[in-house]
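To convert, count from 1 in the sequence shown and add 51; that's the numbering used here. For glycine and all other residues, C-beta sits at the position ideal for the given N, C-alpha and C.
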Amino acid sequence: MLHLNLPLAIGYLPQFGAFHADLTVREVLDIAARLRLPRSVSPCQRKEWLDHIIDLSRLRSQLDQSYRTLSGGQMRRVALAEELIGDPPFLFLDELTSGLDEFSDREMMLWLRDLAHVHGKTVVLVTHATYHLDLCDSVLFLHKGRQVFFGPYPDLLATHGVHSVADLFEIYQTQDPEIPDPPALEGPPPEPQPLKTARPPGGFIQFPILLTRQARLFLRDRGQLWLHLILAITFPALVAVFAYQGLPQVRQLTLALESNIVKTLAEQLLYLKESFNAASLVSGLAMFQVILLTLIGANNGAREIAKEHDVLVKELRVGLSPAAYVTTKFLQVAFLCLLQAFWMTWFVKTVCGFPGSLCAQFGILFATILAMSTTCLAISAACKTPERASLLAIYLVGFQLPLSGAALALPDWLSLACRPFIAAYWGWSGYLKTFEDTRHYDIVKQSTATFIAPYGASMAVLGLHVLIALFLAWIFVGKQRNNGF
């Protein structure tokens with residue numbers, strides 16, 4: 052009989068399995084084997100062992116089916132097959148057969164009996180499904196948290212003088228009889244023996260596996276792909292719409308000295324009026340780009356970890372590296388941010404004619420969206436549901452504009468307290484600094500009381516946002532390891 056030399060000690064299944072629904076059964080089991088089996092298992096041994104598990108669980112005909120298309124019984128088989136990959140001597144199964152029809156229930160119970168009698172597993176099943184308890188070697192019956200009976204199923208019925216578990220339930224629901232204390236053990240209990248377990252592969256080996264899976268999931272999520280595309284196209288177009296009429300006036304502003312004093316004063320007043328309007332436009336368009344990018348960044352990261360919460364908890368329990376997992380998520384959002392920031396920068400600069408260096412403007416906008424994306428990634432790691440993570444991310448984006456000080460004047464103490472945490476302020480400042488030697492910057496500088504931070508300082512603070520957010524994401528993901536049971 053085929054066995055692994057270094058098994059995982061305990062296999063555990065909650066009532067509901069957690070899987071990526073867009074993966075096929077083959078992909079689910081192959082990725083599980085590569086993430087769980089130790090480095091001492093060669094690729095040939097892994098393939099042989101995986102074929103053994105597939106045949107044992109009778110899933111070969113479903114290997115190329117998407118997980119979401121499986122029946123309830125087939126999903127339970129996939130879940131149990133995944134746990135068997137580690138060849139655990141002890142299996143703890145919570146409500147594995149609940150919700151199955153009578154035929155699927157019997158099929159699953161026969162498989163569990165085969166695992167115990169033929170393959171030497173110790174199987175503990177918590178269940179309220181009583182169709183086929185006669186297939187169990189022993190039954191532990193509890194009432195109000197106390198042991199009522201432990202032994203063979205026929206003895207359970209005979210002891211209470213009933214013919215079915217339904218009759219037994221009726222006794223304890225209507226009569227609530229006295230529960231005797233369980234018999235005392237004869238002699239001291241045996242010393243517990245530690246279960247030998249294997250060390251799963253480290254983060255460096257897990258990383259390319261997780262990255263490949265992440266790419267597959269990203270490309271198969273058509274709804275999210277369309278959303279990314281729509282946001283990337285429409286948001287730069289919005290900036291262009293607001294800028295189209297106003298920016299040509301900025302280029303035409305002049306203040307030449309005339310010999311006629313009255314005419315000169317009139318032109319000065321006109322210049323002040325137009326420069327004030329232009330300053331509001333330039334500053335507003337810079338902030339508009341930044342706010343739109345922070346909104347895109349929130350979409351990039353807010354749901355990314357929280358939507359996989361149950362899968363993540365399961366994989367952490369069997370040795371997933373939090374650092375490898377967070378790194379794959381970071382690379383995905385960084386790739387998206389790279390494309391989104393470049394398109395926003397190039398489109399706005401080309402259509403609107405903003406002065407300044409394209410590379411410098413791309414750099415600050417990329418740093419801004421990346422800072423927001425990684426911050427929302429940390430929020431996603433701290434939340435159990437994607438809905439809660441998305442709500443918190445939207446709140447965070449909503450605070451960017453008022454607390455940046457670019458649109459509304461804030462008390463000095465509030466500006467100093469909030470500014471370090473507001474990515475939009477640093478993106479706005481850095482973007483304005485990219486055309487510092489132009490008339491655009493001069494008129495903005497004259498009309499705003501908000502301090503415009505240097506470009507280098509803005510990039511440094513946004514980079515610090517990214518590093519802190521990634522560290523927090525790693526901490527939050529690691530803390531979920533304790534939620535596996």
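Alpha carbon to alpha carbon, what distance is there between residue j and residue i?
i	j	result
VAL174	TRP162	11 Å
LEU521	ALA291	33 Å
THR285	HIS360	31 Å
ILE519	SER509	16 Å
ILE61	PRO89	15 Å
LEU447	MET395	21 Å
ALA433	GLY449	20 Å
LEU550	PHE472	Nothing in the structure corresponds to residue 550, since the chain is present only between 52 and 536.
TYR492	LEU483	7 Å
ILE386	GLN451	Note on identity: in this sequence residue 386 is Phe, with Ile being the wrong assignment. Going from the Cα of PHE386 to the Cα of GLN451 covers about 23 Å.
ARG97	LEU86	11 Å
THR379	PHE200	50 Å
TRP100	ILE136	8 Å
VAL341	VAL517	16 Å
LYS496	ALA288	26 Å
PRO228	ILE222	8 Å
PHE327	THR501	For PHE327, the predicted structure reports a pLDDT of 41, less than 50, and the residue's modelled location is therefore unreliable. A value from the coordinates is still provided. Rounded to whole angstroms, PHE327 to THR501 spans 15 Å at the Cα level.
LEU320	VAL402	Bear in mind that the predicted position of LEU320 carries a pLDDT of just 37, short of 50, making it unreliable; the figure below should be weighed with that in mind. The alpha-carbon atoms of LEU320 and VAL402 are separated by roughly 30 Å.
GLY514	GLU366	30 Å
ALA468	SER455	11 Å
PHE51	LYS400	The question about residue 51 has no answer, for the chain in this structure spans 52 to 536.
GLY123	GLY481	54 Å
ASP106	GLN125	14 Å
LYS530	ARG439	18 Å
THR210	LEU151	29 Å
THR436	PRO453	28 Å
THR305	PHE339	No answer about THR305 holds up, because its pLDDT of 44 lies below 50 and its placement is not dependable.
ILE104	ASP272	29 Å
GLN198	GLN66	22 Å
ARG532	ARG470	34 Å
PRO241	ASP206	26 Å
PRO462	GLY507	25 Å
PHE405	TRP397	10 Å
ALA411	GLY68	48 Å
For the candidate residues the options, whose alpha-carbon lies nearest to that of residue i?
i	options	result
PRO139	ILE473, ALA209 and VAL369	VAL369
LEU443	GLN451, LEU454, CYS427 and SER455	CYS427
GLN72	TYR376, ARG264 and VAL517	Contrary to the premise, residue 72 reads as Ala rather than Gln in this sequence. For ALA72, the nearest C-alpha among the options comes from ARG264.
ASP527	SER431, THR345, ALA411 and GLY414	Note that residue 527 is Phe in the sequence shown here, rather than Asp. Of the listed residues, the one whose Cα sits closest to PHE527 is SER431.
LEU389	LEU80, LEU421 and GLY481	LEU421
LEU409	LEU382, THR485 and ASP145	THR485
LEU19	LEU207, MET338, LYS358 and ALA337	Since the displayed the chain opens at 52 and closes at 536, residue 19 lies outside it and no answer follows.
ALA337	LYS172, TYR63, ARG109 and TRP479	TRP479
GLU146	MET160, LEU483 and SER122	MET160
LEU343	ILE281, LEU382 and THR379	ILE281
ILE415	ALA474, SER466 and ARG490	ALA474
GLY407	THR210, THR379 and THR489	THR489
GLY274	ARG532, PRO287, PRO203 and ASN350	ASN350
PRO252	TYR204, LEU278 and SER372	SER372
ALA511	ALA468, PHE417, GLU438 and LEU454	PHE417
SER424	VAL402, ALA392 and THR401	ALA392
SER543	GLY348, LEU382 and ARG470	Since the first and last residues shown for the chain are 52 and 536, residue 543 lies out of range.
PHE141	ARG157, TYR476, ASP152 and GLY171	GLY171
PHE255	VAL377, ASP272 and GLY196	VAL377
VAL92	ALA249, ARG157, GLU153 and PHE67	ALA249
TYR204	LEU219, ARG197, GLU158 and GLY196	LEU219
Less than 8 Å separating the beta-carbons of residue i and residue j?
i	j	result
GLU355	VAL384	yes
ALA375	LEU261	yes
LEU110	ARG127	no
ALA524	ALA429	yes
GLU133	LEU80	yes
VAL362	PHE70	yes
LEU208	VAL177	no
SER149	HIS179	yes
LEU64	LEU131	yes
THR181	VAL213	no
ALA504	TRP464	no
Check your understanding: Quick check: the segment 75-89 against the segment 116-128, are there 3 or more CB pairs under 8 Å?
Key -> yes
**Asked** Touching or not, the segment 153-167 and the segment 191-205, by the rule of three or more beta carbon pairs under 8 Å?
**Response** no
Unbroken stretches of the alpha helix (DSSP H), 4 residues or longer, contained in the segment 129-199: Entirely contained in the segment 129-199, the alpha helix (DSSP H) runs reaching 4 residues are, in chain order, 153-168.
Self-check item: Secondary structure, alpha helix (DSSP H): runs of 4+ residues fully inside the segment 369-417
Solution: 373-403
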